[in-house]
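Numbering (the numbering used here), first residue to last: 3 to 337. Glycine included, every Cβ here is placed at the ideal spot set by N, Cα and C. This report concerns only the one structure given below.
Here's what the structure looks like:
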């Protein structure tokens, strides 16, 4: 974990004692390890790293890191220098997950852990699980270095913190030029995730004929097409989803008409989420952190090299269409 306070960089490292016992009784592949916290500081990254090495009883091997956490203070200061340093650090994996946190380092490192023996392992597990179930995404050093190299775009880093004594996803930190410029809370994340996780999936609730239905909605396909003419950008987004009907507040059979109506309601619900995510990116931040540039670059590579992408993206017109297919129902159905 890296913090920045009073003109100094502060490193917090969880170091495993290979002969110890789990600090909180965690289970799993590394549940038998005891972790201690080493804190180091310096006016530069080099000085802070040297201080960390001098305080550790064993060599600090960056390749063993599970997660790297940037505090909000560092995020506002600048993370680009550290990320650029990782290009030349041979033992820093480009697949190392990156997280931000608004919590004080000591508070985060004292959080209660569920089935993990360290905060780093807990966060790594949570990030993997959220990615697999489709309700979030993670980023690694390689992803961020790519965005920084493009220079015309921003990026998001998942934010985690302690809520009710447990570590949880709190949202996404918005970065431009390596510095924090905003925050997207977790309850506004659905549209964002549909752009950044190819298997995005969420629970939706819709009301039909005074009956409340709960459905799992999963991204099935996505097509993003861009056109550029007369210095105007047009973004066309098509997303298809599969839905599973899980629950209804009254146990009445779902008719064919009900199923068709549910599909239409869901199409409107996911459309609103996608449009909200796009509008926030274009209008509130004037910053492409949704990865639209990748599609434009693939479709108009020579133009992308010369275009003012930030301006073109923020001014772009867009057209979003959604299609939802109800593929299964756990409720009784009428023919």
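Legend entry - Boundaries of the alpha helix (DSSP H) in which residue 133 is found, first to last residue: Locating residue 133 in the chain shown gives position 131, counting from the first residue. First-last of the alpha helix (DSSP H) with residue 133: 121 to 135.
Legend entry - Exposed unless 16 or more other CB atoms sit within 10 angstroms - verdict on residue 215: Here residue 215 corresponds to residue number 213 of the chain shown, with the count starting at 1. Buried is the call here.
Legend entry - Beta-bridge partners of residue 213, as assigned by DSSP: Here the question's residue 213 lines up with position 211 in the chain shown. 210.
Inset, instruction - Look up residue 197 in the DSSP assignment and say whether it is helix, strand or coil. - result: Counting from one through the chain shown, the residue named residue 197 turns up at place 195. Taken through DSSP and simplified to helix, strand or coil, residue 197 comes out as helix.
Legend entry - Reference residue 190; option with closest CA among 181, 179, 182 and 175: Looking up residue 190 in the chain shown gives position 188. Among 181, 179, 182 and 175, the Cα nearest to that of residue 190 belongs to 175.
Legend entry - Cβ shell of residue 330 (< 8 Å), same chain only, five flanking positions each side left out: For the purposes of this step, residue 330 is identified with residue 328 of the chain shown, where counting begins at 1. Same-chain partners within the cutoff: 246 and 247.
Inset, instruction - Measure the CB-CB distance between residue 142 and residue 95 and report whether it falls below 9 Å. - result: Start at 1 with the first residue of the chain shown, and residue 142 comes out as number 140. Start at 1 with the first residue of the chain shown, and residue 95 comes out as number 93. Their beta carbons are under 9 Å apart, which means residue 142 touches residue 95 by this criterion.
Inset, instruction - State the CB to CB distance for the pair residue 322 and residue 277, rounded to an integer number of angstroms; the pair is presumed to be in contact (CB under 8 Å). - result: Looking up residue 322 in the chain shown gives position 320. Looking up residue 277 in the chain shown gives position 275. Rounded, the Cβ-Cβ distance is 6 Å, consistent with contact.
Legend entry - Burial state of residue 283, where buried means 16 or more other Cβ atoms lie within 10 Å: In the chain shown, the residue the question calls residue 283 occupies position 281. Buried, by the Cβ-count rule.
Inset, instruction - Starting from residue 108, follow the alpha helix (DSSP H) in both directions and report where the run begins and ends. - result: As a working note, residue 108 is residue 106 in the chain shown. 107 to 111 is the extent of the alpha helix (DSSP H) around residue 108.
Legend entry - Anticipated Cβ contact below 8 Å, residue 162 with residue 119, distance rounded: By one-based count along the chain shown, residue 162 stands at place 160. By one-based count along the chain shown, residue 119 stands at place 117. Residue 162 to residue 119, Cβ: 17 Å. No contact.
Legend entry - Three-pair Cβ contact test at 8 Å for the segment 257 to 268 versus the segment 223 to 237: no
Inset, instruction - Return helix, strand or coil for residue 29, following the three-state DSSP convention. - result: Your numbering for residue 29 matches position 27 in the chain shown. Note that residue 29 scores a pLDDT of 41, beneath 50, so its modelled location is shaky; the value from the coordinates is reported in the next line. In the structure shown, residue 29 sits in coil (DSSP, three-state: anything other than H, G, I, E or B).
Inset, instruction - Below 8 Å CB to CB, which residues in the same chain sit around residue 196 once its five sequence neighbours on both sides are set aside? - result: By one-based count along the chain shown, residue 196 stands at place 194. Result list for residue 196: 202, 221, 224, 241, 272, 275, 276 and 279, in chain order.
Inset, instruction - Return helix, strand or coil for residue 298, following the three-state DSSP convention. - result: Counted from its first residue, the chain shown places residue 298 at position 296. Correct three-state label for residue 298: helix.
Inset, instruction - In the DSSP assignment, find the beta strand (DSSP E) that holds residue 330 and state where it starts and stops. - result: Position 328 of the chain shown holds residue 330. From DSSP, the beta strand (DSSP E) with residue 330 extends over 319 to 331.
Legend entry - Sequence-distant residues of its chain with Cβ nearer than 6 Å to residue 377 (five each side left out): Because the chain here runs from 3 to 337, residue 377 falls outside it and cannot be looked at.
Inset, instruction - Could you name the residues of the same chain whose beta carbon sits closer than 8 Å to that of residue 213, not counting the 5 residues immediately before and after it, in chain order? - result: Stepping through the chain shown from its first residue, residue 213 is reached at position 211. The residues are 250, 251, 252 and 254.
Legend entry - Of the residues 46, 320 and 42, the one placed nearest residue 53, counting alpha carbons only: To locate residue 53, count along the chain shown from 1; it is residue 51. Residue 53 has its Cα closest to that of 42, out of 46, 320 and 42.
Inset, instruction - Spell out the partners DSSP gives residue 99 in its beta bridges. - result: If you number the chain shown from 1, residue 99 lands on position 97. DSSP lists 69 and 142 as partners of residue 99.
Inset, instruction - Work out the CA separation of residue 165 and residue 7 for me, nearest whole Å. - result: Here residue 7 corresponds to residue number 5 of the chain shown, with the count starting at 1. Here residue 165 corresponds to residue number 163 of the chain shown, with the count starting at 1. Distance between residue 7 and residue 165, taken at the CA atoms: about 24 Å.
Inset, instruction - Please state if the CB of residue 91 and the CB of residue 64 are separated by a distance shorter than 9 Å. - result: As a working mapping, residue 64 is identified with position 62 in the chain shown. As a working mapping, residue 91 is identified with position 89 in the chain shown. In contact: residue 64 and residue 91 (Cβ atoms closer than 9 Å).
Inset, instruction - Counting only the same chain and skipping the five closest in sequence on each side, list residues whose C-beta sits under 8 Å from that of residue 47. - result: In the chain shown, counting from the first residue as 1, residue 47 sits at position 45. Result list for residue 47: 11, 83, 84 and 87, in chain order.
Inset, instruction - Would you identify the three-state DSSP class for residue 276, choosing helix, strand or coil? - result: What you label residue 276 is simply residue 274 of the chain shown in a count that begins at 1. Residue 276: helix per DSSP, three-state reduction.
Legend entry - Bounding residues of the alpha helix (DSSP H) (the contiguous stretch that carries residue 84): For the purposes of this step, residue 84 is identified with residue 82 of the chain shown, where counting begins at 1. Element bounds for residue 84: 82 to 88.
Legend entry - Distance between residue 4 and residue 285 (C-alpha atoms, nearest Å): Locating residue 285 in the chain shown gives position 283, counting from the first residue. Locating residue 4 in the chain shown gives position 2, counting from the first residue. Using only the alpha carbons, I get a separation of about 31 Å.
Legend entry - Best match in 314, 179, 153 and 172 for proximity to residue 236 [C-alpha to C-alpha]: In the chain shown, the residue the question calls residue 236 occupies position 234. The shortest CA-to-CA distance from residue 236 to any of 314, 179, 153 and 172 is the one to 314.
Legend entry - Where the beta strand (DSSP E) through residue 1 begins and ends: There is simply no residue 1 to check, as the chain begins at 3 and stops at 337 in what is shown.
Inset, instruction - Decide if residue 232 is buried, meaning its Cβ has at least 16 other Cβ atoms within 10 Å, or exposed. - result: Locating residue 232 in the chain shown gives position 230, counting from the first residue. Looking at its Cβ environment, which holds fewer than 16 other Cβ atoms inside 10 Å, residue 232 is exposed.
Legend entry - Contact check, residue 16 vs residue 121, beta carbons under 9 Å: Looking up residue 16 in the chain shown gives position 14. Looking up residue 121 in the chain shown gives position 119. In contact: residue 16 and residue 121 (Cβ atoms closer than 9 Å).
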